[in-house]
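Quick notes on the structure that follows.
2 protein chains.
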Amino acid sequence: MSVSFAELRARGGDKPLFSAECSTRVVLDHVTRKWGVLVIVVLSGGTHRWGELRREVDGISEKMLGTTLRTLEADGFVHRETFGTVPPRVEYSLTNRGRELAERLLPLVEWVADYVGETVED
Amino acid sequence: MSVSFAELRARGGDKPLFSAECSTRVVLDHVTRKWGVLVIVVLSGGTHRWGELRREVDGISEKMLGTTLRTLEADGFVHRETFGTVPPRVEYSLTNRGRELAERLLPLVEWVADYVGETVED
DNA sequence: CTGTATCCAATTCGATACTG
DNA sequence: CAGTATCGAATTGGATACAG
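One line per chain: the protein sequences are A and B, in this order.
So that you can map any letter, position 44 of the first sequence is 44 in the working numbering, and since no number is skipped, the others follow by simple counting.
So that you can map any letter, position 35 of the second sequence is 157 in the working numbering, and since no number is skipped, the others follow by simple counting.
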């Protein structure tokens, strides 16, 4: 394991893993929240328009797509680009940080996907 | 990036990333839910008793610790061991699968912890 | 010490309708 | 096409009290 709990702990000194007020919690929450993970994974596959995201992330409502995208944009993970055309065209993509995040998220998602369906014998 | 979105997509055929009914979603939800991440990270540091978890995961209520542990146990990530002593002693640890999961979770948590506090310029 | 039960507050989420 | 607004339902989460 490349990163140990002990190392993580050491950074926070003697305090609990993350203090309740720690902003890491906030971002971690955004990123790991139900739709956040899925949107980031989809965007890791390339730039998408609103409608494409809506179709690709199965079951997401317009409201949640909107709030999720705005949250991730505010956190600096997603870039939104508007073309002043009619009808409007808006494209969403990952920022550099978003791609870094996706690199850490994809192995997790992949592993969970593999895990499901196997028998748990431990 | 070791795992690409395209590969992930390919497994589901032509369907959206994960169908809404996909059980991957359920487990992913448990695992990435607010307290799930923190509990797993703490347990990756070794076996903990109830009271230790309570202190280590700052701000968690007894109710959430209980439900989180029971969910993760049902998913096969956490092992619960009781010693028939008085007063009772109960120890929680990761199963093999739990450790596999933690390996994927720690880099993500570490990265987010590092990310927070840096300036976003992208 | 290790929990469970209960009640209530806050948040999330979805369906729908509507706008530029 | 790309959203926002609103409402109500469901879920999550916290505080407290209590039990083995």
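The beta carbon of each residue, even a glycine, is placed where N, CA and C say it ideally should be.
Exercise. Put Val200 of chain B into one of helix, strand or coil per three-state DSSP.
Key: strand
Practice problem: Indicate the three-state DSSP secondary structure (helix, strand or coil) for Val208 of chain B in the structure shown. | Solution: coil
Quiz prompt | Ile162 of chain B beta carbon less than 8 Å from that of Leu230 of chain B | solution = For the pair Leu230 of chain B and Ile162 of chain B, the CB atoms are not nearer than the 8 Å cut-off.
Exercise. Taking only the alpha-carbon atoms, compute the straight-line gap between Arg54 of chain A and Thr204 of chain B and give it to the nearest angstrom.
Key: Cα to Cα, Arg54 of chain A sits roughly 47 Å from Thr204 of chain B.
Exercise. Have a look at B:Val234, B:Lys156, B:Ser145 and flag the residue whose alpha-carbon is nearest the alpha-carbon of Met186 of chain B.
Key: B:Lys156
Quiz item: Do you know offhand how far Val26 of chain A's Cα is from Asp180 of chain B's?
Solution: If you take the alpha carbons of Val26 of chain A and Asp180 of chain B, they lie about 14 Å apart.
Exercise. Kindly indicate the opening and closing residues of the alpha helix (DSSP H) around Val159 of chain B.
Key: 156 to 165
Self-check item: Interface residues of chain A facing Tyr214 of chain B [CB-CB closer than 9 Å]
Solution: By Cβ distance, chain A contributes nothing, its closest Cβ being about 14 Å from Tyr214 of chain B, past 9 Å.
Quiz prompt | Nearest neighbour of Trp233 of chain B, chosen from A:Val112, A:Glu103, A:Val116 [CA to CA] | solution = A:Glu103
Practice problem: Report yes if the C-beta distance between Trp50 of chain A and Val90 of chain A is below 8 Å; otherwise report no. | Solution: Closer than 8 Å, so yes.
Quiz prompt | Which listed residue (B:Val238, B:Phe127, B:Asp151) has its alpha carbon closest to that of Glu56 of chain A | solution = Of the candidates B:Val238, B:Phe127, B:Asp151, the one whose C-alpha sits nearest the C-alpha of Glu56 of chain A is B:Phe127.
Quiz item: Quick one: what does DSSP say Ser93 of chain A is sitting in, helix, strand or coil?
Solution: strand
Practice problem: Along the alpha helix (DSSP H) that carries Gly46 of chain A, what are the first and last residues, could you check? | Solution: Run containing Gly46 of chain A: none; DSSP gives neither H nor E here.
Practice problem: Quick one: grab the DSSP three-state call for Asp29 of chain A. | Solution: helix
Quiz item: Would DSSP call Gly181 of chain B helix, strand or coil?
Solution: coil
Quiz item: Which chain A residues are close to Arg226 of chain B, counting only those with a beta carbon under 7 Å from its beta carbon?
Solution: Pro107, Leu108, Trp111
Quiz prompt | Where Phe127 of chain B meets chain A, residues with beta-carbon distance less than 9 Å | solution = Val41, Val42, Leu43, Ser44, Gly45, Gly46, Ala102, Leu106
Practice problem: Write down the C-beta distance between Ala74 of chain A and Thr146 of chain B rounded to the nearest angstrom, noting that I regard them as a contact closer than 8 Å. | Solution: Incorrect: roughly 27 Å between the Cβ atoms, too far for contact.
Exercise. Compare the C-alpha of Val42 of chain A against each of B:Glu129, B:Arg219, B:Pro209, B:Pro210 and name the closest.
Key: B:Glu129
Quiz item: Buried or exposed: which applies to Gly36 of chain A, given that a residue is buried once 16 or more other Cβ atoms fall within 10 Å of its Cβ?
Solution: A residue is called buried once 16 or more other Cβ atoms fall within 10 Å of its Cβ, and Gly36 of chain A is buried on that count.
Quiz item: At least one CB of chain B closer than 8 Å to the CB of Ser19 of chain A: is that the case?
Solution: yes
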